Every structure is written in C-alpha cells, then in structure tokens.
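Encoded as structure tokens, the structure appears first; notes follow it.
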Amino acid sequence: MKKVNIILSTYNGEKYLPIQMDSLLNQSYPNITIYIRDDGSSDGTLRIIKEYQRQQGNKKIILLEDNEGNLGYVKSFMKIIRNCDPADYYAFCDQDDYWLSDKIERAVQHLSSLESDKCLLYTSAYAVCDSKLNVIDSGHEPMPLEELSVGKSLSLYDGGWLLGFTCVINDELRIKAFNNEITDMYSHDIWVQAVAVAMKGIQVYDKKVTAYFRRHENTTSVAETGMAKSVLDAWKYRWNETFGNGKMFERLKSGVVSFHSAFMQDVTQEEDILFLKLFVGDKGKLIKRIKKVFYPYRLKKGFFVEIAWRFAILLGKI
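Position 93 of the sequence shown, counted from 1, bears residue number 93 in full-length UniProt numbering, the numbering being contiguous throughout.
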C-alpha cells in the first residue's frame, strides 16, 4: 500500500485546528502519517497538537520540534518536507481547512495509475466556505501544465495558480522541488507547479470537491491564498503590489533567481529559457528593462493587468 505523508505547518491555529485534525484522522485511506511543525504559536495550538499526538501515538502524528521559532509559513513548510521520512506521496495541508474523507484515497487512486518515474502532481476541486464551513463558491479548475510555462507559473498567471491544500505530489517531484540547494521560493504550491512544468511532469485534475477552503478574519493574505475578500480588496491589493510598497516583485525576483540556479539546466522550452535569462539579471539598467517590457509571451491573463505589469517592469520593479 502506498504511503502518504501529510505536511502541515501551524501558527496560532487553535480555533480551527481541531476540526481540520479530525478530518485528517477520518480519511478513508489508512496509510498516512501527519507531519506537523508549529511555527512559534503563542496560543494553544501546540497543546492541541500534543493532545492529538498522545491520543493517536507518535507514529500517526509526528511533531517536528526545533528551536528555530517563527520561520514564516514557506520556510516552515520546507523544514517539514525536507525532514520527514520518505513516502510515495506528499499532501499539502493548511491548519484551518476541512478535508472530505476520501481526499487522500482519490489522490492515491489517480497517482498510482501514472508513471512513477515522472514528476506527478495531483490537484482537486475545492469549495470556498465561510468561517462556519458554509459553502460560498466552488473552486476553479487550474490550467493544465502543458498550457503553462515557468514564467506564467512564477508570475501567478491567472487561472494557472494552484492552491496548496489541493495538491498531492509524488516523491520524484518532492526530490526535485525541495532539494537542499534551494533557499528561497514564493510558496510551496507555486513552486511545485513551476518545477513540474520545467520537468515536463504529469498533472491530474480531479473535478470532485475534496476539501473546503475556509475564509475567515485571520485567513492569510491574497499573496498567500490567491483570493481576496471582495473585488475592491483585490484591486487594492493589485495596485499596492504593482505600484506601491507591496513585496510581490521582490518575491518574484528571489523566486526566479532560485529557480534559475536550481533548474536552468533542465529547462528546454524557448519561452522558459528566455524568461529566466531576462528576469534573473540586473533590473536597474534601462536596456534590460526595455527588453523585459517587450518579452514576447504573456505573463498575466487579463489585458489591463498585463499592461500594468509591463509598466511596473519599465519602472524597475523587477
């Protein structure tokens, strides 16, 4: 039976964590291990985790304890996935969502039918819910990998962005995406998608809803979830990130540099090679900025967002 590691980083999640933990423990697929690292919580999160661990045993729930405190959700996640025991598949998990009981079982069924020596990425549909798990909307279908590029993945191309809690990857993709030479990335979900594109991996999309994505007052930012609470919030966020003090382009830059260093030798598509060569270098020189402005491939799906990005590039944002 295939082994599945569930990867969960927690931070001040006492309000919703028990419901999520119960949903993980109620999975119909039996061969799972839940790996958790707490990222410096100041509430009762750690106490809750240890109580579940006491009830279930140290083999079912493994708490990775260190003295590094708050690393931020990306580095905390990387810490877990690099230090957990090997498995056939790895499922990304958020602390405040809710998984339907067949989520892992469906992922294993889909992935086990594919070539194991390829980078494999499973994603599923999801439902957007309020704080009480009342369904607000159903999730969108992500763009297939074969229609994406590395540039579109790293620049959060609309319709191509996966949400981490829908993802299950195989060990081949884990080894490629999270090797120890990589020190910086946007977030684990965006990163594995870009790596899967570069490695010509196989993506399977399950149209069945397998998880509820909870939206509440403490839900992480648009940068971390890809969603805003309102249209106005979305536009405010985009404006600040593109022309204000947002860190989007800074994150994009560091992500491109890391990706170029780790995977340039594996990239074969002309579009991807050009993107990495253009966007990894000095952003300050006018000639380089002009070349980036006239990059011949789309970075964003919406026309006006694309124009805004090109203008921001001309201003030296990246």
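Virtual Cβ for every residue (Gly too), placed ideally from N, Cα, C.
For clarity, every value in this text was computed on a predicted model and none was experimentally measured.
Cα-Cα separation, residue i to residue j
{"i": "Gly-69", "j": "Gly-40", "result": "5 angstroms"}
{"i": "Lys-3", "j": "Ile-313", "result": "45 angstroms"}
{"i": "Ser-221", "j": "Cys-167", "result": "Here Ser-221 scores only 43 on pLDDT, less than 50, and its place in the model should not be relied on; the value that follows carries that caveat. Computed Cα separation, rounded: 19 angstroms."}
{"i": "Arg-214", "j": "Lys-300", "result": "26 angstroms"}
{"i": "Ala-223", "j": "Met-248", "result": "At Ala-223, the pLDDT of 43 sits below 50, so the modelled position is not reliable; the number obtained from the coordinates is stated separately. If I take the Cα positions, the gap works out to 8 angstroms."}
{"i": "Glu-181", "j": "Gln-95", "result": "28 angstroms"}
{"i": "Tyr-157", "j": "Glu-250", "result": "17 angstroms"}
{"i": "Leu-133", "j": "Lys-15", "result": "13 angstroms"}
{"i": "Ser-28", "j": "Val-150", "result": "35 angstroms"}
{"i": "Tyr-297", "j": "Phe-77", "result": "32 angstroms"}
{"i": "Ala-87", "j": "Asp-206", "result": "22 angstroms"}
{"i": "Lys-176", "j": "Asp-43", "result": "35 angstroms"}
{"i": "Val-257", "j": "Tyr-186", "result": "11 angstroms"}
{"i": "Arg-106", "j": "Thr-123", "result": "10 angstroms"}
{"i": "Asn-170", "j": "Ser-112", "result": "9 angstroms"}
{"i": "Leu-173", "j": "Phe-275", "result": "22 angstroms"}
{"i": "Ala-127", "j": "Gly-13", "result": "20 angstroms"}
{"i": "His-110", "j": "Phe-311", "result": "42 angstroms"}
{"i": "Gly-281", "j": "His-260", "result": "10 angstroms"}
Whether residue i touches residue j by CB criterion (8 angstroms)
{"i": "Ser-9", "j": "Tyr-73", "result": "yes"}
{"i": "Ser-153", "j": "Gln-203", "result": "no"}
{"i": "Lys-103", "j": "Ala-211", "result": "yes"}
{"i": "Phe-279", "j": "Ile-318", "result": "yes"}
{"i": "Ala-198", "j": "Leu-121", "result": "no"}
{"i": "Leu-162", "j": "Pro-144", "result": "no"}
{"i": "Ile-48", "j": "Leu-63", "result": "no"}
{"i": "Gln-56", "j": "Leu-25", "result": "yes"}
{"i": "Tyr-98", "j": "Ile-7", "result": "no"}
{"i": "Tyr-11", "j": "Ile-80", "result": "no"}
{"i": "Phe-92", "j": "Phe-165", "result": "yes"}
Endpoints, alpha helix (DSSP H) assigned at residue i
{"i": "Arg-215", "result": "Unbroken run through Arg-215: none, as it is neither H nor E."}
{"i": "Gln-55", "result": "45–56"}
{"i": "Arg-310", "result": "303–314"}
{"i": "Trp-22", "result": "A quick correction: the sequence has Asp, not Trp, at residue 22. That run of the alpha helix (DSSP H) goes 17–25."}
{"i": "Val-195", "result": "188–198"}
Local conformation of residue i per DSSP, three classes
{"i": "Ile-81", "result": "helix"}
{"i": "Val-267", "result": "coil"}
{"i": "Lys-207", "result": "strand"}
{"i": "Ile-169", "result": "strand"}
{"i": "Ile-62", "result": "strand"}
{"i": "Ile-290", "result": "helix"}
{"i": "Ile-182", "result": "coil"}
{"i": "Ile-273", "result": "helix"}
{"i": "Ile-175", "result": "helix"}
{"i": "Leu-299", "result": "coil"}
Residue interval of the beta strand (DSSP E) (run including residue i)
{"i": "Arg-37", "result": "32–38"}
{"i": "Thr-10", "result": "4–10"}
Below-8 angstroms beta-carbon distance, residue i vs any chain B residue
{"i": "Thr-10", "result": "Absent from the structure: chain B. Only one protein chain is present."}
beta-carbon residue i near the ligand COA non-hydrogen atom, thresh 7 angstroms
{"i": "Glu-250", "result": "This structure simply doesn't include the ligand COA, nor any ligand for that matter."}
**Prompt:** At which residue ranges does the region 87–164 contain complete beta strand (DSSP E) runs of 3 or more residues, listed in the order of the chain?
**Reply:** 89–93, 120–129 and 135–138
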